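Undergrad: First the structure, which I've put down as structure tokens, then a few questions once you've had a look.
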Amino acid sequence: MPRFVIALAVALVGLVLFGHGALIHAKAVVAQVLLDRAFSQTIATGQPIKPWSWADTVPVARIEVKRLGISTIALAGSSGQALAFGAGHVEGTAEPGETGIAVYSAHRDTHFRFLKDARIGDEIDIIRRDGKTFRYRADAALVVRFDESGIDPATDRAELVLSTCWPFDALTQGPERYVLHATLIGDR
Amino acid sequence: MSDTIDYDIRSSRHPVRSWIVTMLLFLLLQAAAVALVGFTALFLSITPGWSAEGPLAPLTKPGDARSGALLFKSDAGYVEAPRLGIDVDIVVSGPTARARVTQLFKNTSSQWLEAVYVYPLPPDSAVDTLKMIVGDRIVVGDIKPRQEAKVIYEQAKRDGKTAALTEQERPNIFTNSLANIGPGETVLVQIEYQQPVAQVAGEFSLRVPLVVAPRYNPKPIVQSVDLRPDSNGWGAASNDPVPDRDRISPEVLDPAKNDPVNPTRITVRLQAGFALGEVKSHHHQVTIDSPDARTRVVTLAEGVVPADRDFELTWKPASEKMPSVGLFHEQVGDADYLLAFVTPPAVAATTQRPQPRDVIFVIDNSGSMGGTSIRQAKASLLYALGRLQPGDRFNVIRFDDTMTVLFPSSVPADAEHVGSATSFVSSLDARGGTEMVPAMRAALTDDGSDSDRVRQVVFLTDGAIGNEQQLFETITAMRGRSRIFMVGIGSAPNTYLMSRAAELGRGAFTHIGSVEQVEERMRDLFAKLENPVVTGLTATFSEASADLTPAVLPDVYRNEPLVLAAKIDRLAGSLQLKGRIGDQPWTITLPLSSAAEGKGLSKLWARRKIGDAEVARTMRQMTPEEADGAILKLALEHQLVTRLTSLVAVDKTPRRPDGEPLKLAELPINLPAGWDFEKVFGERGRMPAMQKDRRAEGDSDVQLAALKRPVVPAGPATITLPKTATDAELSMLLGLGVLMLELIWLVAIRRRAAN
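Top to bottom, those sequences are chains A and B.
When the letters of the first sequence are read in order and numbered with numbering that gives the first Met the number 0, they come out as residues 0 to 187.
When the letters of the second sequence are read in order and numbered with numbering that gives the first Met the number 0, they come out as residues 0 to 754.
What follows is the structure, encoded as structure tokens:
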């Protein structure tokens, strides 16, 4: 049965490869369900709630784009582990609603895939963990290198940046990032 | 279930069919696994992702976006995070003025702020008081050595305490830093200074500078080497002519794009001590009240004005004759401080044969002179050329960051030469940088011929440079027999540079703040140039032992008083001044017992002593260490802010909660009135952002240094964006590809087997 063994091995390789990719998406989707629940509890209790007991990060905001029907939970920090489960609030950037630039990053093929469809003028709602909602309006989109983002944290307005990898349909990692910039227009 | 399958396979009597069953089952398992692992994901998350014709990204042209240089803040106007209001309250009592400057910092943002404001004061001002008013608490500042004060301030800043620090950057440029202003809060910082009243050309005057004009700071190209006599030939090369360039260059708002900032209210209570005649404000509309003959209250007619030009007030006595002598004293402890004004008698010019002169005119046509300044400068120089006498010789030098010397050497002031100089001056246009040192060097280069002639340098500039010290050193080294007369041009000239350069150059200085003043002020200056000076002055106290400043009495020009300050051990006997007016000896004796009470004279004496020490340091008469020691001692004793001492006030209660960030806001200033923004800063809209974000952490010192205002930032602080691509799609495509290949392979094998 050598032929059978070879066939089995090749099939296994294919399976593992496909499963690995599919798992990334599955994690992204399943984690969002848990994150959503934890975030709702966070808002209700005012305490940071871990989405699962061994998680090393907590949900900090919900990003909604009504026009695209998008609702995704952002986590504290933008480490690779955090980004597997949701968008990440980049360390050291402003809290939403405050003066400065709040920067969120997420994978182009999962949580921030919608950026491809986002347009200038789209309204982006950020629900903070204290339950406050801030509405931003997208006013600029650009492609930059990851280390030359041109995002100057020193601004005296409340601004928002959603960033993901560019180009959207590329298969490999690249240095370019797509940046959607928005400015606060209101809160409630 | 697998047991059953195994059983089925083993029990099969047809190997080929059993193999097919095996493969089918395997594929089934594979499908099940894929379904289990990726089902949800495939359907919920990435279904649209597989479409090759998804909507395009919201970029009009990706090429545009790729340039990467788009600025987020291109349309962001200047939002004043902290607002500043200034109130100047001055009381003039006889020979001195006491000014109280209140700066109101209002934090309109929702964050904790540190505000830094760079502002000018008169160069002879003695700053001795700092008060900070937070809520209902008044904190009075202490004088400390500069480094020590800085440490106290930084510590308070880290501890979340509200603190204020007043530092001297130049004798006429000061910085107030105010840490931990709460969101929505207003904090008042009040400084007080003492200033002598100026007396020149038959009137008294008071000048309140309100804005630091943007300075040209030469680039550190040429190294200057300081070789000290005791250094055995080893010295250090200092690279930067303006080492503190970032401390004297606050942001300047383009008046075409921004409303004026820093509203200022000015009140002057004038108690001259004699019946007042004309009282005049030269650059501001004012309302003048007269409660009695000797008192005037001057307020701005418009209430508040933007801080964009100097406030200048002059007054004359009601009687025709100016008082020619003034003598005032103040007792502090067991010492008496004396201030004396003596105006030598004007000797009629006809009795003197005018000495033939060489006059070198130097005109600054750099970019900072753009606008009204260059018109004033040209008008002044043209007036001066018209005043040249037939026996005189002259030359004209113009400079920006280049220089033109009109004639190879001084030429007779005949019609032909004056005519060509006039057309040369008329064609001048303001542009470029301000390299003042080479121009001064050229003006002072004396071929040494005809040493019987008087050599005079008339220097017209706004003094908008940061390397004053280099200029002073040039004058000291090269002045020779030349005398330097400075003409300060524009709405906010650098008075410190004018007065110190004239002092070192043994000349005089005047200010021209508007075209209307050109004729009057230039006439006065020419009266000084043309008329004899009182020379060889000495002062003797008959009984008291005195510490006199200036230590070496300068020559006195026509219409100018000699101003003396002295610390004496007892108020008895007399002060005798001796000198020569032209060829005639001149003596005057002042009885000390009849001196009137004055205010703040001890501070003025100390300030002048400090000025003398700085001059001695420049002239290498004192070593830097000696001079610094003397300055520090005087400053601490008399509570004065100097180059080496600062005032610091700290509120005792910590207020900013731990972990709340502190944002640094360097307050912008106005462009001085009449300046042309583009001539100074080039293309519009290239000014850096005003605010820098900063966390209040332990290492904030280092961060502050790094964030200090560069004139043009090398590049904005930027955020590194995280990696946001996964290999999910790549893996899945590869996996699918492998599976497809296997399927094809299996199908091929199956066909071959079936055949």
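Where a beta carbon is used, it is the ideal one built from N, C-alpha and C, also for glycine.
Owing to the predicted nature of the structure, the values given are computational and were not obtained by experimental measurement.
May I have the straight-line CA-CA distance separating B/A163 from B/T644, to the nearest angstrom?
TA: Taking the straight line joining both Cα atoms gives about 14 angstroms.
Undergrad: Between which residues of its own chain and B/P259 is the CB-CB distance below 7 angstroms, once the five residues before and five after are set aside?
TA: Closer than 7 angstroms at the Cβ level, and outside the excluded window around B/P259, lie P305, D307, N669.
Undergrad: For the stretch 406–438 of chain B, list the alpha helix (DSSP H) runs that are entirely contained and at least 4 residues long, ordered along the chain.
TA: Listed in chain order, the complete alpha helix (DSSP H) runs (minimum 4 residues) inside the stretch 406–438 of chain B are 414–425.
Undergrad: Give the straight-line distance between the Cα atoms of B/D363 and B/S379, rounded to the nearest whole angstrom.
TA: Answer to the nearest angstrom: the Cα atoms are 12 angstroms apart.
Undergrad: Indicate the three-state DSSP secondary structure (helix, strand or coil) for A/K26 in the structure shown.
TA: In this structure, A/K26 counts as helix in the three-state DSSP scheme.
Undergrad: Does any CB atom of chain B fall closer than 8 angstroms to the CB of A/D129?
TA: It does not; no Cβ of chain B falls within 8 angstroms.
Undergrad: Who are the neighbours of A/E97 on chain B, taking C-beta pairs under 8 angstroms?
TA: In chain order: S109, Q110.
Undergrad: Measure the C-alpha to C-alpha separation of B/A96 and B/L269 and round it to an integer number of angstroms.
TA: Whole-angstrom Cα-Cα distance: 9 angstroms.
Undergrad: If I'm right that B/A626 touches B/R616 with Cβ under 8 angstroms, what's the distance once you round it to whole angstroms?
TA: Between B/R616 and B/A626 the Cβ distance is about 4 angstroms, and since that is below 8 angstroms, they are a contact.
Undergrad: Step through the CB atoms of chain A and report whether any lies within less than 8 angstroms of the CB of B/T537.
TA: So, not an interface residue.
Undergrad: Taking the beta strand (DSSP E) that B/D611 falls in, what are its first and last residues?
TA: Taken as a continuous stretch (DSSP letters only), B/D611 belongs to no beta strand (DSSP E), being part of the alpha helix (DSSP H) at 600–617.
Undergrad: Closer than 7 angstroms by beta-carbon distance: list the chain A residues that pair up with B/P249, in chain order.
TA: Ordered by position in chain A, no residue passes the 7 angstroms Cβ test against B/P249, which lies about 16 angstroms from the chain.
Undergrad: For A/H19, return the contacting residues in chain B, with the cut-off set at a CB-CB distance below 7 angstroms.
TA: Per Cβ cutoff of 7 angstroms: S730.
Undergrad: Return yes when the C-beta of B/G93 is under 7 angstroms from any heavy atom of the ligand MG, and no when it is not.
TA: Ligands are entirely absent from the displayed structure, and the ligand MG is therefore not among its contents.
Undergrad: With DSSP as the reference, identify every bridge partner of B/V278, one or two as the case may be.
TA: Partner(s): B/W314.
Undergrad: Can you check whether the C-beta of A/G185 is within less than 8 angstroms of a C-beta belonging to chain B?
TA: Answer no: the Cβ-Cβ gap between A/G185 and chain B never drops below 8 angstroms.
Undergrad: From which residue to which residue does the alpha helix (DSSP H) around B/Q146 run?
TA: From DSSP, the alpha helix (DSSP H) with B/Q146 extends over 145–157.
Undergrad: Would you mind giving the Cβ-Cβ distance between B/I483 and B/V533, rounded to the nearest angstrom? I have them listed as a contact below 8 angstroms.
TA: That belief does not hold up - the Cβ atoms of B/I483 and B/V533 are roughly 18 angstroms apart, past 8 angstroms.
Undergrad: Starting from the C-beta of A/V59, find all residues in its chain whose C-beta is less than 7 angstroms away, skip the five residues before and the five after it, and write them out in chain order.
TA: So the qualifying residues of the chain are A73, L74, A75, H88, R128.
Undergrad: Suppose the cutoff is 8 angstroms on Cβ atoms and the five residues either side in sequence are ignored; what does the same chain contact list for A/G193 look like?
TA: A query on residue 193 of chain A cannot be resolved here, the shown segment of chain A reaching from 0 to 187 and no further.
Undergrad: Rounded to whole angstroms, what's the CA-CA distance from B/D726 to A/A21? Just pull it up for me.
TA: Distance between the alpha carbons of B/D726 and A/A21: 10 angstroms.
Undergrad: Could you give the distance in angstroms between the alpha-carbon of B/P653 and the alpha-carbon of A/A140?
TA: Their Cα atoms are separated by approximately 43 angstroms.
Undergrad: Can you say whether B/E518 is buried or exposed, counting buried as having 16 or more other CB atoms within 10 angstroms of its CB?
TA: Exposed: under 16 other Cβ atoms inside 10 Å.
Undergrad: Got a sec, what are the start and stop residues for the alpha helix (DSSP H) B/E184 sits in?
TA: Unbroken run through B/E184: none, as it is neither H nor E.
Undergrad: Which residues bound the alpha helix (DSSP H) around A/G96?
TA: That residue, A/G96, is in no alpha helix (DSSP H); it is neither H nor E in DSSP.
Undergrad: Closer than 7 angstroms by C-beta to B/P560: which residues in its own chain qualify, once you throw out the five before and the five after it? Chain order, please.
TA: Once the five neighbours on either side are set aside, the close Cβ partners of B/P560 are Q198, F340, V341, T342.
Undergrad: At the 8 angstroms Cβ level, is A/F133 part of the contact set with chain B, yes or no?
TA: No, A/F133 lies away from the interface with chain B (no Cβ there is under 8 angstroms from its Cβ).
Undergrad: Tell me the residue span of the alpha helix (DSSP H) that contains B/Y382.
TA: Per DSSP, B/Y382 belongs to the alpha helix (DSSP H) from 371–385.
Undergrad: Can you give me the Cβ contacts of B/D357 inside the same chain, cut-off strictly under 6 angstroms, excluding the 5 residues immediately before and after it?
TA: Correct list, in chain order: R392, S409, R452, R454.
Undergrad: Helix, strand or coil for B/G755? Go by DSSP, reduced to three states.
TA: Nothing about residue 755 of chain B can be read from this structure; chain B reaches only from 0 to 754.
Undergrad: Can you tell which of B/R750, B/L735, B/A752, B/R749 has the C-alpha that lies nearest to the C-alpha of A/V9?
TA: Nearest option by C-alpha distance: B/L735.
Undergrad: The alpha helix (DSSP H) spanning B/A463 covers which residue range?
TA: Note, B/A463: premise wrong, no alpha helix (DSSP H); not H, not E.
Undergrad: Starting from B/Q102, trace the beta strand (DSSP E) in both directions and tell me its first and last residue.
TA: 95–106 is the span of the beta strand (DSSP E), which, as asked, contains B/Q102.
Undergrad: Work out the CA separation of A/I23 and A/G13 for me, nearest whole Å.
TA: Approximately 16 angstroms, taken between the alpha carbons.
Undergrad: Helix, strand or coil for B/I718, going by three-state DSSP, please let me know.
TA: Residue state, collapsed to three classes: coil.
Undergrad: Does the Cβ of A/Q172 have 16 or more other Cβ atoms within 10 Å, making it buried, or fewer, making it exposed?
TA: With fewer than 16 Cβ atoms within 10 Å of its Cβ, A/Q172 is classed as exposed.
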